[in-house]
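Okay, structure first, notes after.
2 protein chains.
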Amino acid sequence: MAKYVYLFKEGNAQMRELLGGKGANLAEMTNLGLPIPQGFTITTEACTRYYDDNEKIADEIKEEVFSNLSELERITGKKFGSVENPLLVSVRSGARASMPGMMDTILNLGLNEDVVASIAKSNERFAYDSYRRFIQMFSDVVMEIPKPLFEAEIDKMKAEKGVKLDTELTAEDLKELVKRFKEIYRKEKGTEFPSDPVEQLVKAIEAVFRSWNNPRAITYRRLNDIPSDWGTAVNVQEMVFGNMGDDCGTGVAFTRNPATGENKIFGEYLMNAQGEDVVAGVRTPQPIATLEQTNKKAYDDFMMYANKLEKHYKDMQDMEFTIEHGKLFFLQTRNGKRTANAALQIAVDLVDEGMITEKEAVLRVEPNQLDQLLHPNFDASKLKEAKEMATGLAASPGAATGKVVFTAERAVELHEQGEKDLILVRLETSPEDIDGMNVCHGVLTVRGGMTSHAAVVARGMGTCCVAGCGEITVDEESKKFIAPNGKEFHEGDWISLDGSTGKVYGEKIDTVEASVTGNFAKLMGWADQYRQMEVRANADTPRDAKQARNFGAQGIGLCRTEHMFFAPERIAAIREMIVSKTVEQRKRALEKLLPMQRGDFEGLFRAMDGYPVIIRLLDPPLHEFVPHADEEIAELAKEMNMPFEELKNVVKGLHEFNPMMGHRGCRLDVTYPEIGEMQARAIIEAAANVSKEGIKVKPEIMIPLVGELKELKYVKDIITRTAAEVMKEKNVQLDYMVGTMIEIPRAALLADELAKEAQFFSFGTNDLTQMTFGFSRDDAGKFLDEYYAKKIYENDPFKKLDQNGVGKLVEMAAREGRKTRPDIELGICGEHGGEPATVEYCHKVGLTYVSCSPYRVPIARLAASQAAIKNPR
Amino acid sequence: MAKYVYLFKEGNAQMRELLGGKGANLAEMTNLGLPIPQGFTITTEACTRYYDDNEKIADEIKEEVFSNLSELERITGKKFGSVENPLLVSVRSGARASMPGMMDTILNLGLNEDVVASIAKSNERFAYDSYRRFIQMFSDVVMEIPKPLFEAEIDKMKAEKGVKLDTELTAEDLKELVKRFKEIYRKEKGTEFPSDPVEQLVKAIEAVFRSWNNPRAITYRRLNDIPSDWGTAVNVQEMVFGNMGDDCGTGVAFTRNPATGENKIFGEYLMNAQGEDVVAGVRTPQPIATLEQTNKKAYDDFMMYANKLEKHYKDMQDMEFTIEHGKLFFLQTRNGKRTANAALQIAVDLVDEGMITEKEAVLRVEPNQLDQLLHPNFDASKLKEAKEMATGLAASPGAATGKVVFTAERAVELHEQGEKDLILVRLETSPEDIDGMNVCHGVLTVRGGMTSHAAVVARGMGTCCVAGCGEITVDEESKKFIAPNGKEFHEGDWISLDGSTGKVYGEKIDTVEASVTGNFAKLMGWADQYRQMEVRANADTPRDAKQARNFGAQGIGLCRTEHMFFAPERIAAIREMIVSKTVEQRKRALEKLLPMQRGDFEGLFRAMDGYPVIIRLLDPPLHEFVPHADEEIAELAKEMNMPFEELKNVVKGLHEFNPMMGHRGCRLDVTYPEIGEMQARAIIEAAANVSKEGIKVKPEIMIPLVGELKELKYVKDIITRTAAEVMKEKNVQLDYMVGTMIEIPRAALLADELAKEAQFFSFGTNDLTQMTFGFSRDDAGKFLDEYYAKKIYENDPFKKLDQNGVGKLVEMAAREGRKTRPDIELGICGEHGGEPATVEYCHKVGLTYVSCSPYRVPIARLAASQAAIKNPR
């Protein structure tokens with residue numbers, strides 16, 4: 005029979021999958037002899053079982069819970085539900101992966117009128133403070149009664165009493181508050197607040213299990229690639245109290261600075277408070293250093309144990325602790341979340357300190373996190389001119405400039421309308437805001453410290469954040485904020501945030517590109533030693549190509565030639581080509597494009613001196629180049645000196661029912677070979693010209709949308725014929741390759757054949773994903789949200805490669821392609837190419853390179869290195 | 005070293021792949037001792053080599069040709085190019101498969117002024133008749149000089165001389181004609197007509213090789229599934245002459261009647277003519293029986309040899325012969341093309357005659373040909389009232405009613421515009437007309453006999469044809485024809501043809517359904533004994549279901565529920581559902597649809613008593629049910645009592661960029677589970693009701709567009725939950741299955757997983773083809789013609805399953821599905837399900853059934869039987 009419940013002393017850190025991160029670490033700390041309030045963990049398997057049993061806790065699990073509860077009573081010498089020496093517990097979720105703020109906690113469980121009255125005998129204020137907290141948390145988390153109902157009642161009480169802080173409320177006030185809270189409960193639920201501690205406990209456990217599938221947990225999992233079938237564990241732990249008086253408190257701390265990585269304890273605590281007060285950011289807490297003055301023993305203990313934990317886990321720890329009447333307890337430890345800069349600093353420091361090896365250091369940095377470092381910073385010259393308007397806490401580094409928006413929903417809405425530059429301004433953020441934070445460049449909050457929700461989440465996302473900026477006044481209702489200088493800001497007004505200094509500017513400040521230096525460069529150097537795949541970049545212009553090289557790209561994996569066509573002087577020639585009625589007309593129009601394309605390619609070859617440059621032939625359907633509204637057609641007709649009706653007919657003729665699956669890619673070259681001829685000529689002429697400058701060129705010409713060997717051969721023949729002509733004309737000999745995209749399923753299925761003609765394969769996983777799933781990216785938005793909500797898909801397959809389905813095609817094509825041509829070059833150029841899990845997959849499949857946007861090149865380099873370390877080929 | 009040329013005596017009938025059909029049979033006939041003008045065959049490999057060598061004949065092949073030519077001179081005792089006893093030859097193509105009229109022939113090769121003058125000494129008229137024919141054929145076939153230039157010259161000459169027939173032209177006239185023909189040649193080519201017989205021969209061989217890739221050959225191959233890499237052989241054969249005088253002639257004959265199958269020699273010949281005169285239908289030939297009177301010896305010989313050939317080949321033979329001064333020569337034999345009725349009659353007769361077994365008989369009938377028998381016939385009562393307007397030859401059976409069109413191009417054009425009822429009326433047809441004939445219900449020609457081009461091709465296509473209807477006068481230029489009664493018919497006027505009687509009617513006559521009786525039923529009975537796959541039908545209405553059962557369907561493989569939604573009273577409810585803003589509104593609208601759907605399903609279950617009925621849940625995107633033009637939206641808004649703008653927004657919201665890959669199929673059930681609930685309820689309620697009538701129901705509920713196990717499970721859960729409810733309400737227990745379409749590539753890739761939940765797979769090869777190829781059927785027309793022309797694709801993958809690519813997915817899914825669920829039911833319901841080559845493929849892959857349109861059920865039955873015979877499982 006399965007064991008569903010473990011006492012802390014029965015577990016250890018290796019049992020993370022079963023006990024969740026929190027449970028496993030509580031067990032480990034128990035074993036290490038740290039002061040831990042004892043308790044037990046209900047396993048993640050119990051959670052899975054709960055869902056398998058149609059959201060019911062099986063009797064056998066309940067029995068196990070109660071027998072462990074008895075054991076806990078024995079250990080603590082207290083009794084659950086008893087008025088004498090009552091055992092109170094916390095009930096907290098703890099999944100395998102840390103999901104900060106995503107799931108729910110209930111403290112002080114086991115209280116009822118009798119127990120409270122008994123506790124009140126020794127500490128009345130504490131008793132009712134704990135009870136009102138419990139009622140509020142239980143009502144919110146377990147019974148889903150809106151939290152604001154209770155908060156309003158507290159505010160009302162504070163107003164009645166003329167006080168500002170919760171701590172200023174007296175025992176009598178809190179007793180009254182308990183009454184009012186129960187009244188709310190009665191009104192909302194139609195029943196009395198449950199007084200039976202056993203009922204409270206079972207309901208609380210159920211609520212934690214349920215919380216695994218609340219919408220924000222689902223979103224968090226999707227953003228962080230956490231499978232929904234993991235489930236969460238539940239930790240039931242004896243309460244220790246930070247709210248018993250002024251010799252009590254609770255706090256959170258990191259063994260090193262999570263923003264900078266500095267090797268110095270970093271933390272905050274609040275006196276006379278319970279855990280949620282610190283994280284929620286309602287009161288502004290004290291730095292941990294001040295504890296030395298007020299309670300030296302607790303401070304010294306804390307420092308000793310914190311040090312011990314870091315040495316034990318060999319990584320920076322994020323800890324929660326409580327001080328009860330001067331005595332220190334640890335409630336949690338975990339490897340701390342950190343900014344990218346901190347991650348690099350810590351990794352490099354740990355190597356310097358001899359704690360870990362360089363190889364381990366490479367594995368310590370989350371590749372996606374580097375994104376933070378690759379984002380623009382303020383242009384220093386522009387920053388000098390800018391005037392600081394306010395200062396808050398430097399909660400998450402980076403620079404952001406954007407338009408103010410006051411709610412997360414509105415941010416999402418504006419983002420969907422195409423507004424990319426947004427900054428979310430809030431009194432404080434809550435877990436519901438996660439989607440909105442995700443689409444903003446930066447977050448500015450009025451309340452909350454370095455460990456407030458906004459700060460933690462923003463750091464995790466790599467979004468710039470200035471928190472606790474009390475100098476500004478936000479009026480969320482009328483959607484404005486007032487700066488210290490009295491200036492009002494409304495939705496759409498520009499501001500800028502410096503998340504590294506905490507400074508806020510009331511204007512737009514231009515930003516500049518990032519670069520790879522210092523710790524970043526050092527770690528990338530270590531990473532590159534282990535990497536086995538090349539990393540190339542998708543770049544369409546010489547400018548992008550240069551940026552990509554700065555970030556360490558070893559070539560261009562995809563140049564989309566059509567991106568060069570939209571400049572005004574070029575689009576005219578393209579349109580002339582499209583309306584051509586004869587091959588001769590078309591050739592004339594193409595001749596105008598030839599020098600422009602050649603110039604672009606020359607720039608790319610120069611930027612990539614010595615590295616390969618893959619240039620893809622024209623891909624999109626021709627209707628993308630013509631206007632569709634009557635007025636625009638009329639205008640163009642005038643410009644092109646042709647009758648409106650005629651042009652309109654051309655445009656109509658180009659219409660497609662499913663343009664994604666229409667007349668595009670190599671199909672254009674089959675119907676209009678002269679397009680391929682012009683492009684091949686431009687590429688080879690450019691290569692010839694640049695190579696005469698002494699630059700080493702490695703052109704690779706890529707044919708898109710191939711599905712059949714003869715089709716590939718037909719277009720390849722155009723290229724080789726043209727290339728031979730050009731080389732003869734220019735009297736040079738150039739090495740170049742011709743390859744194909746593998747982006748339609750049939751190409752993957754027939755890869756063995758295609759490899760007869762293709763010297764390289766490049767997996768175009770965007771289109772391959774669309775066609776393998778049978779949904780178009782442009783349309784899938786209409787139903788994918790329902791699919792996430794119903795847990796059918798857990799990831800956006802356009803962001804993270806679907807290894808089960810699409811991956812099967814990639815694997816098959818790679819294997820079959822190599823069978824035919826053992827030295828075939830294999831790469832990926834879909835957007836997945838910069839996604840770490842996909843990069844690891846590509847390594848396993850044996851690809852030669854991955855290609856991604858220039859800004860993701862360092863991420864791909866690190867991910868490829870980690871993949872090689874984890875999966876030696 | 006390869007041998008590229010074989011003397012006739014070196015080959016045999018088994019060498020068809022190498023020598024082509026004509027060459028192999030000439031060799032076989034030589035071995036059988038028939039009177040065959042001798043010659044040699046240049047192999048199909050030489051043709052392939054010609055294309056491999058960039059359309060050049062390699063020297064080694066030329067050498068082999070000339071050494072065989074010398075051998076032929078030795079055999080015949082004649083000399084090529086000599087004025088004394090000159091050897092003249094024919095040069096004819098002959099591919100593995102017979103391609104009547106598709107490729108080119110040159111007769112009388114070896115003539116020049118000197119040779120002609122020498123021959124003229126003994127027979128001047130014959131000499132110049134042969135020469136003018138040679139010049140014309142050589143100019144047309146080899147030099148691509150338009151044939152009408154020569155025909156006009158003949159017509160002019162006949163007018164000058166006041167004669168009607170070619171045979172009435174004198175030697176002198178023909179000599180003059182030769183002069184004028186050479187003048188045309190000089191004018192067109194700028195050089196003299198080639199007088200060197202060796203040059204003539206090499207050019208002619210090249211022309212035959214080239215003819216393999218002329219546009220009409222490419223089209224023919226595509227329509228008949230002949231691979232383009234087969235190539236054609238070339239036969240060089242001593243000429244015998246049917247145009248040497250009135251004791252000469254040439255003809256074609258069948259050992260049995262190709263239209264009815266009657267066991268009686270059937271043939272025609274023309275005196276004093278060469279082969280092309282008979283086939284082209286310019287003069288109307290004599291029945292073969294008349295030969296008995298004019299040349300008993302030749303007739304008796306002919307009958308003896310014909311009989312010998314049929315016995316030898318055990319099949320009806322189609323022969324060409326020439327009589328030269330009373331002596332009979334065979335020029336060709338092959339298994340004769342025949343109508344479906346004739347094929348059945350012959351197969352049944354051959355069994356009765358003890359020549360072949362029942363199993364062999366099953367293999368003798370081309371499944372696709374049955375199509376002819378499954379087409380409508382005239383409604384007998386309507387036919388009684390109709391008045392016959394003219395009569396021609398009953399050249400290809402069946403009934404056709406449609407609107408007159410005068411050119412093949414125009415027919416194609418009108419067909420593309422959606423006009424389905426067309427009848428092509430021509431003086432005579434030519435190979436260029438093949439596309440146009442393909443889109444018409446029937447063909448009516450003024451000239452030509454039972455073996456004219458129109459008749460042969462129409463029979464092959466199963467298209468009704470009345471040929472040689474000299475009673476009508478066609479004016480092709482002004483696009484009209486005049487009936488014997490003086491009535492004029494223009495494009496668009498209705499006429500009707502009875503291809504079984506040769507009667508023509510000047511009006512529309514309603515047609516009735518076909519049925520399976522007589523020989524047809526007998527052969528189908530034999531076939532069913534060997535068949536291992538079930539054959540089901542795609543049927544959406546009780547009426548279709550009944551028709552399908554009449555044709556032998558063993559169930560419904562696909563009922564498209566949406567096809568029931570377009571009736572006016574239903575579309576209103578559907579639209580109400582679409583514009584619903586809440587689940588409740590949507591449910592109310594769906595409740596209106598429930599009884600209608602239930603009624604349809606009851607009808608299907610009754611029609612299919614005892615057989616399975618697969619019902620697919622709603623598949624198309626919702627925007628297919630709403631209007632898109634503003635006026636129509638306005639009208640609907642009024643009808644639905646909602647503001648125009650609101651409805652317009654709903655319609656806009658439904659827009660999709662790629663509807664094929666949009667919000668449809670099971671995605672509708674995931675977002676609106678109430679749709680699936682309603683449909684499951686309608687199916688199970690209908691099944692319960694009908695089964696209470698004592699009818700055996702086997703519902704199989706099919707979920708479309710599945711790509712993921714969890715998605716399938718989600719929708720399956722809706723179905724099983726609803727079914728359980730209904731069965732409880734109705735207090736019945738019903739067996740039903742739930743399965744999935746395999747129509748998106750990911751479903752095929754993850755078939756092992758899907759089989760955990762799916763009790764059956766149905767391959768939806770239409771969508772699977774679209775997504776595997778990455779082109780939408782609606783759009784591919786824009787480029788597929790270029791793909792055929794450039795020989796990239798040889799078949800329309802929507803007609804014949806692409807076994808290499810799409811087939812790989814089908815095979816994989818079948819294999820993996822069976823691994824998970826050994827008894828899984830596997831079927832195909834795409835349009836390919838009635839295509840014989842695909843049916844054979846499905847048999848090989850091990851499918852349980854194929855499903856096709858009711859009219860193709862007998863075809864699929866026969867194809868499945870043949871597949872089982874050829875590929876024992």
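Chains as they are written, first to last, in my numbering: chain A, 5 to 877; chain B, 5 to 877.
Ideal placement from N, C-alpha and C gives every residue a C-beta, glycine not left out.
As the structure is a prediction and not an experimental result, all values here were calculated from the model.
**Asked** According to the neighbour-count rule (16 or more other Cβ atoms, all chains shown, within 10 Å of its Cβ), is LYS7/B buried or exposed?
**Response** Sequence index remark: in the second sequence, residue 7/B carries index 3 (1-based). LYS7/B should be labelled exposed.
**Asked** How many angstroms separate the CA atom of CYS252/B from the CA atom of GLY279/B?
**Response** Position 248 of the second sequence holds residue 252/B. Position 275 of the second sequence holds residue 279/B. Their backbone Cα atoms lie some 12 Å apart in a straight line.
**ASP319/B - partner residues in DSSP beta bridges** = To locate residue 319/B, count along the second sequence from 1; it is residue 315. None, per the DSSP bridge assignment.
**Message:** Under DSSP, the beta strand (DSSP E) around GLY778/B begins and ends at which residues?
**Reply:** Start at 1 with the first residue of the second sequence, and residue 778/B comes out as number 774. Element bounds for GLY778/B: n/a, residue is neither H nor E.
**Asked** What whole-angstrom Cβ distance do GLU432/A and VAL450/A have, given they're in contact under 8 Å?
**Response** Here the question's residue 432/A lines up with position 428 in the first sequence. Here the question's residue 450/A lines up with position 446 in the first sequence. Going by Cβ atoms, the distance from GLU432/A to VAL450/A rounds to 7 Å, so yes, they are a contact pair.
**Message:** Taking the straight line between their C-alpha atoms, what separation do you get for LYS318/B and ILE360/B?
**Reply:** Counting from one through the second sequence, the residue named residue 318/B turns up at place 314. Counting from one through the second sequence, the residue named residue 360/B turns up at place 356. Near 7 Å, if we compare the C-alpha coordinates of ILE360/B and LYS318/B.
**Request:** Could you name the residues of the region 452-480 of chain B whose beta carbon sits closer than 8 Å to any beta carbon of chain A, in the order they occur along the chain?
**Result:** none
**Inter-residue spacing [alpha-carbon to alpha-carbon] between LYS591/A and HIS836/B** = Residue 591/A sits at position 587 when you count from the first residue of the first sequence. Residue 836/B sits at position 832 when you count from the first residue of the second sequence. CA-CA distance, LYS591/A to HIS836/B, rounds to 41 Å.
**Reference GLN42/B; option with closest CA among ALA641/B, ALA31/B, ALA50/B, ARG781/B** = Mapped onto the second sequence, residue 42/B falls at position 38. Closest option to GLN42/B, Cα to Cα, is ALA31/B.
**Request:** For chain B, find out if any of its Cβ atoms is closer than 8 Å to the Cβ of MET775/A; answer yes or no.
**Result:** On the first sequence, residue 775/A is found 771 positions in, with the first residue counted as 1. Answer yes: the Cβ-Cβ gap between MET775/A and chain B drops below 8 Å somewhere.
**chain B contact residues for THR675/A, given Cβ-Cβ distances below 7 Å** = For the purposes of this step, residue 675/A is taken as the residue at position 671 of the first sequence. Correct list: PHE787, GLU790.
**Prompt:** chain A beta carbons: is any one of them nearer than 8 Å to that of TYR718/B?
**Reply:** Along the second sequence, one-based indexing puts residue 718/B at 714. With its beta carbon less than 8 Å from one in chain A, TYR718/B belongs to the interface.
**Prompt:** Does any residue of chain B bring its CB to less than 8 Å from the CB of PHE779/A?
**Reply:** Along the first sequence, one-based indexing puts residue 779/A at 775. Closer than 8 Å to some Cβ of chain B, the Cβ of PHE779/A qualifies, so yes.
**Message:** Three or more C-beta pairs under 8 Å: does that hold for the region 345-363 of chain A against the region 495-502 of chain A?
**Reply:** No contact exists between the region 345-363 of chain A and the region 495-502 of chain A.
**Request:** Between the Cα of ILE873/B and those of TYR534/B, ASP806/B, PRO840/B, GLU68/B, spot the shortest distance and give me the residue it belongs to.
**Result:** Here residue 873/B refers to the residue found at position 869 when the second sequence is read from its first residue. Sorting TYR534/B, ASP806/B, PRO840/B, GLU68/B by C-alpha distance to the C-alpha of ILE873/B places TYR534/B at the top.
**Prompt:** Helix, strand or coil: how does DSSP classify ALA237/B here?
**Reply:** For the purposes of this step, residue 237/B is taken as the residue at position 233 of the second sequence. Strand, per DSSP.
**Asked** alpha helix (DSSP H) containing THR259/A: first to last residue?
**Response** On the first sequence, position 255 is the one that residue 259/A refers to. Run containing THR259/A: none; DSSP gives neither H nor E here.
**Message:** Buried or exposed, going by whether 16 or more other CB atoms sit within 10 Å of the CB of GLN297/A?
**Reply:** Numbered from its first residue, the first sequence carries residue 297/A at position 293. Its Cβ having fewer than 16 others within 10 Å, GLN297/A is exposed.
**Best match in GLY811/B, GLU272/B, ASN311/B, HIS627/B for proximity to THR455/B [C-alpha to C-alpha]** = On the second sequence, residue 455/B is found 451 positions in, with the first residue counted as 1. Looking at the Cα atoms, GLU272/B is the closest of the given residues.
**Own chain residues within Cβ distance below 8 Å of ARG610/B, not counting five before or after** = Position 606 of the second sequence, counted from the first residue, corresponds to residue 610/B. Answer for ARG610/B: PRO546, VAL694, GLU697, ILE699, listed in chain order.
**Prompt:** Just checking, does the region 10-24 of chain A make contact with the region 326-346 of chain A on the three C-beta pairs under 8 Å criterion?
**Reply:** no
**Asked** Alpha carbon to alpha carbon, what distance is there between GLU88/A and PHE130/A?
**Response** To locate residue 130/A, count along the first sequence from 1; it is residue 126. To locate residue 88/A, count along the first sequence from 1; it is residue 84. If you take the alpha carbons of PHE130/A and GLU88/A, they lie about 16 Å apart.
**Message:** For the structure I just gave you, are there three or more beta carbon pairs, one from the region 91-100 of chain B and one from the region 238-245 of chain B, closer than 8 Å?
**Reply:** yes
**Item:** Helix, strand or coil at ALA784/B [DSSP, three-state]
**Value:** Translated into the one-based positions of the second sequence, residue 784/B becomes position 780. The answer is helix: DSSP assigns ALA784/B an H, G or I state.
**Request:** Decide if ARG819/B is buried, meaning its Cβ has at least 16 other Cβ atoms within 10 Å, or exposed.
**Result:** What you label residue 819/B is simply residue 815 of the second sequence in a count that begins at 1. It counts as exposed.
**Request:** List the endpoints of the continuous alpha helix (DSSP H) containing LYS331/B.
**Result:** Here residue 331/B is taken as the residue at index 327 of the second sequence, counted from 1. That residue, LYS331/B, is in no alpha helix (DSSP H); its beta strand (DSSP E) goes 331-339.
**Request:** Starting from LEU830/A, follow the alpha helix (DSSP H) in both directions and report where the run begins and ends.
**Result:** Your numbering for residue 830/A matches position 826 in the first sequence. Per DSSP, LEU830/A lies in no alpha helix (DSSP H); the unbroken beta strand (DSSP E) holding it starts and ends at 829-832.
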